[in-house]
């Protein structure tokens, strides 16, 4: 079993290049098979979730041509098996995006209920509500969601709760439905906008993405396109917080600073310097970190995917801070692991009360999910001594060459898969 082993105490210094956004890429890959023509997608992150989805798409007949690690050509003309029950689909949450793309194109879809990180309930009810509003019959059977319609017809759809997944899935299906569809209380995240831009580049007619009302006029067919995925705001934020935790000076390149405004605001609040450039952000942490209060909210609020990393920072800030999680109920599973490293955190319902300590101590910890795993790596780099992080397959789901990029900034971190390699690292850094 692979692990990260980290020797803490080194400030991160230098420049790091951010990969394409995983969450945008997963949706865009699923939508790429909605045309029978060839689609080229660039700036694709080379991570496990992406590779699993590509394998599953190939399994149902899509022609996949991997030009390089970050560029792929896809042709969906040969998709033959609308039921998608490929084993890899159980491992990633975004498998549900194939429902919207297949339903839009073929008017029927059956996809196994998705897996991914166990960070809380992410039900399919809003997706199903949207598909039914467009005229599809939807049922859950044998662990899969099945949707079918003689034809799809545009409708007015109000989402009871802001949902990125439901917004994107409904947008895909509606883009090839008859007539007009309006999605109210739509999610406004950057990857929703990226998805709309991608579909429009294929000939869809979508307006209002990035606001809470999206209007779609259905088209009969979509066509070929070449498209480059936006930078990953969560990867960018993770490196910005790693710079702050290690008292470093890091320039995070290939980003859209506007997407990082909530992250940047909290770094400024706790005493960091942040310099915004055209496509880069520099974070300098030369002063002691201060306490603050954080509440996760849908975009443009503070992202739930940055909550564990924020808690790591506040764990070594002066005073007492609070982190309120309003999106997912199981997002504090990392607290016990961080406590092993010396953190003083008490969780009451959906609020973590954090009393800052001087520093973390190296320990053996276990990554409970993708973002919490990255947060524990940050704690290890900020702490004293050696930290071993188990279950790093979660981290590899969403961060490309995480350890390589960190080493490029001066971190002492290696990926090992045996006790012998672990001891070799200990000897090297002792």
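Numbering (the numbering used here), first residue to last: 133 to 562.
Ideal placement from N, C-alpha and C gives every residue a C-beta, glycine not left out.
All values reported here derive from a predicted model rather than from experimental measurement.
Check your understanding: What number of angstroms, rounded off, separates the C-alpha of residue 269 from the C-alpha of residue 279?
Key -> 6 Å
Review point. Is the distance from the Cβ of residue 322 to the Cβ of residue 361 below 7 Å?
Key: Cβ distance not < 7 Å, so residue 322 and residue 361 don't count as in contact.
Review point. Beta-carbon separation of residue 531 and residue 515 under 7 Å?
Key: no
Exercise for review: Let me know if residue 345 comes out buried or exposed under the rule of 16 or more other beta-carbons within 10 Å of its beta-carbon.
Suggested key: exposed
Check your understanding: Does the distance from the C-beta atom of residue 503 to that of residue 134 stay below 7 Å?
Key -> no
Point to revise | Beta-carbon proximity of residue 136 to residue 524, cut-off 7 Å | key: yes
Check your understanding: How would you call residue 557, buried or exposed, if buried means at least 16 neighbouring beta carbons within 10 angstroms?
Key -> Residue 557 is buried by the Cβ-count criterion.
**Study point:** Stretch-stretch touch, CB-based, cutoff 8 Å, three pairs: the segment 397 to 407 with the segment 371 to 389
**Key:** yes
Exercise for review: Kindly give me the distance between the Cβ atoms of residue 164 and residue 224, rounded to whole angstroms, as I take these residues to be in contact under 8 Å.
Suggested key: Going by Cβ atoms, the distance from residue 164 to residue 224 rounds to 16 Å, so no, they are not a contact pair.
Review point. Is any heavy atom of the ligand ADP found at a distance shorter than 6 Å from the C-beta of residue 189?
Key: Here there are no bound small molecules, and the ligand ADP is not part of this structure.
Point to revise | Endpoints, beta strand (DSSP E) assigned at residue 203 | key: 203 to 207
Check your understanding: To the nearest angstrom, how far is it from the Cα of residue 128 to the Cα of residue 507?
Key -> One cannot answer for residue 128 here, as it falls past the ends of the chain, which runs 133 to 562.
Check your understanding: If you run the structure through DSSP and keep just helix, strand and coil, what is residue 522?
Key -> strand
Review point. How about residue 311 and residue 285: do their beta carbons lie closer than 7 Å?
Key: Yes. Within cutoff.
Practice item. For the segment 290 to 305 and the segment 256 to 263, state whether three or more C-beta atom pairs, one from each stretch, are separated by less than 8 Å. Key: Taking 8 Å as the limit for Cβ pairs, the verdict is that the segment 256 to 263 does touch the segment 290 to 305.
Check your understanding: Which ranges does the beta strand (DSSP E) cover as unbroken runs of at least 3 residues, wholly within the segment 527 to 553, from first to last along the chain?
Key -> 544 to 548
Exercise for review: Check residue 237 in the structure and name its three-state DSSP category.
Suggested key: helix
Exercise for review: Return the chain-ordered list of same chain residues with a C-beta closer than 6 Å to the C-beta of residue 500, the five sequence neighbours on each side being excluded.
Suggested key: If we look at residue 500 and ignore the five residues flanking it on each side, its Cβ neighbours are 465 and 466.
Review point. Buried or exposed: residue 158, going by 16 or more other Cβ atoms within 10 Å of its Cβ?
Key: buried
**Study point:** Exposure label - residue 420; buried when at least 16 CB within 10 Å
**Key:** exposed
**Study point:** Residues that DSSP places opposite residue 215 in a beta bridge
**Key:** 242
Practice item. Take residue 197 and list the residues in its own chain whose beta-carbon comes closer than 6 Å to its own, dropping the five residues that flank it on each side. Key: 205
Exercise for review: Give the straight-line distance between the Cα atoms of residue 389 and residue 408, rounded to the nearest whole angstrom.
Suggested key: 7 Å
Review point. Going by the beta-carbon positions, is the gap between residue 482 and residue 451 smaller than 7 Å?
Key: no
Exercise for review: Starting from the C-beta of residue 160, find all residues in its chain whose C-beta is less than 8 Å away, skip the five residues before and the five after it, and write them out in chain order.
Suggested key: 173, 326, 327, 330, 359 and 361
Review point. Going straight from the alpha carbon of residue 356 to that of residue 427, what length do you get?
Key: Those two C-alpha atoms are separated by around 41 Å.
Check your understanding: Do you know how far the Cα of residue 461 is from the Cα of residue 469?
Key -> Distance between the alpha carbons of residue 469 and residue 461 is about 17 Å.
Practice item. Look at the alpha carbon of residue 411 and the alpha carbon of residue 148, and state the distance between them as a whole number of angstroms. Key: If I take the Cα positions, the gap works out to 12 Å.
Check your understanding: What do you reckon, are the CB atoms on residue 109 and residue 212 nearer than 7 Å?
Key -> This structure gives no information on residue 109, because the portion of the chain shown stretches from 133 to 562.
Check your understanding: Using the beta-carbon count (16 or more within 10 Å), is residue 209 buried or exposed?
Key -> exposed
Exercise for review: For residue 353, count neighbouring Cβ atoms within 10 angstroms of its own Cβ and tell me buried if that reaches 16, exposed if not.
Suggested key: exposed
Point to revise | Whole-number beta carbon distance between residue 351 and residue 336, since they are thought to touch under 8 Å | key: 6 Å
Check your understanding: Do residue 306 and residue 348 come within 7 Å of each other at the CB atom, strictly closer than that value?
Key -> yes
Exercise for review: Please work out which residues of its chain come closer than 6 Å, Cβ to Cβ, to residue 264, disregarding the five sequence neighbours upstream and downstream, and give them in chain order.
Suggested key: These residues qualify, in order along the chain: 270.
Exercise for review: Report the three-state DSSP secondary structure of residue 227 (helix, strand or coil).
Suggested key: helix
Check your understanding: What are the residues that DSSP puts in a beta bridge with residue 363?
Key -> 152
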